[in-house]
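Numbering (the numbering used here), first residue to last: 1 to 246.
Laid out in structure tokens, this is it:
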């Protein structure tokens with residue numbers, strides 16, 4: 001899907017260079033999937049791609065959520081949204097858990113945030129891309145909350161949960177980036193722990209976020225073990241064993 005988007009922008013640039021008319025299009029996006037499936041990472045990539053292909057002037061990524069957009073008093077929410085959007089102009093505004101803006105609680109100003117956002121998206125459509133992200137079902141309900149949202153978002157990306165093999169690959173890569181090496185025994189033990197999780201446990205685990213937490217526990221356990229070794233070698237300082245997987 002990202003590849004198709006890149007091709008669309010490339011041809012759009014070719015048409016522009018040759019003086020051909022350009023169709024008015026929306027490049028805002030909806031990312032749907034569970035936590036830890038790479039939505040923020042892809043949003044950063046999109047911001048850079050849009051910059052390289054001339055759609056955005058800066059290509060920066062501004063991340064926010066409900067707390068960054070909704071205030072507790074009348075009139076303040078619109079100002080908060082305006083401030084965040086102005087910081088994002090020239091780049092991508094990434095709103096995580098955007099569905100939380102649509103609350104049915106009395107005296108909640110989420111709808112004010114949505115209405116203000118919709119207007120600003122239109123005002124700055126030539127130099128701002130908004131990406132809203134969250135759980136699939138919640139995001140579908142969120143988009144139905146305001147007709148203006150539905151009309152401005154027409155690019156949908158679905159992020160599947162990682163399988164066991166992919167999660168272990170992420171663990172190995174994460175460890176390598178931090179200067180550690182996961183032994184084969186540690187890999188197998190981590191894989192077994194993940195495989196033994198039921199559906200609810202996997203949901204709470206959080207994909208790559210869960211792997212990050214698991215890796216941090218491994219590093220802490222490894223540190224406790226290595227501190228018992230007198231003058232540990234470089235290999236001992238770097239290797240994570242199966243006994244470190246807790």
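Just so you know, even glycine gets a beta-carbon here, dropped at the ideal spot from N, CA and C.
For residue i, the nearest candidate out of the options (CA to CA)
i           : options              : result
residue 145 : 32, 112, 171 and 74  : 112
residue 52  : 10, 21 and 20        : 10
residue 29  : 150, 22, 191 and 162 : 150
residue 37  : 170, 196, 55 and 236 : 170
residue 166 : 23, 208 and 218      : 208
residue 183 : 58, 240, 12 and 122  : 240
residue 22  : 137, 8 and 168       : 8
residue 137 : 4, 16 and 31         : 31
Contacts around residue i, its chain only, beta-carbon distance under 8 Å, and the 5 residues preceding and following it disregarded
i           : result
residue 41  : none
residue 181 : 175, 238, 239 and 240
Cβ neighbour criterion (16 or more within 10 Å) applied to residue i
i           : result
residue 73  : exposed
residue 86  : exposed
residue 213 : exposed
residue 39  : buried
residue 96  : buried
residue 196 : exposed
residue 80  : buried
residue 189 : buried
Endpoints, alpha helix (DSSP H) assigned at residue i
i           : result
residue 206 : That residue, residue 206, is in no alpha helix (DSSP H); it is neither H nor E in DSSP.
residue 23  : Looking at the DSSP string, residue 23 is not in any alpha helix (DSSP H), and its letter there is neither H nor E.
residue 227 : Counting along the chain, residue 227 falls outside any alpha helix (DSSP H), and DSSP gives it neither H nor E.
Element boundaries [beta strand (DSSP E), containing residue i]
i           : result
residue 131 : 129-134
residue 30  : 29-33
Contact set for residue i: own chain, Cβ-Cβ below 7 Å, skip 5 residues either direction
i           : result
residue 109 : 70, 71 and 77
residue 118 : 146, 148, 149 and 152
residue 49  : 6
Sequence-distant residues of its chain with Cβ nearer than 6 Å to residue i (five each side left out)
i           : result
residue 120 : 85
residue 93  : 62 and 130
Runs of alpha helix (DSSP H) lying entirely within the stretch 44-112, each at least 4 residues, in chain order: 66-69 and 76-88
Within the stretch 132-175, ranges of the alpha helix (DSSP H) (whole runs, at least 4 residues): 136-144 and 147-152
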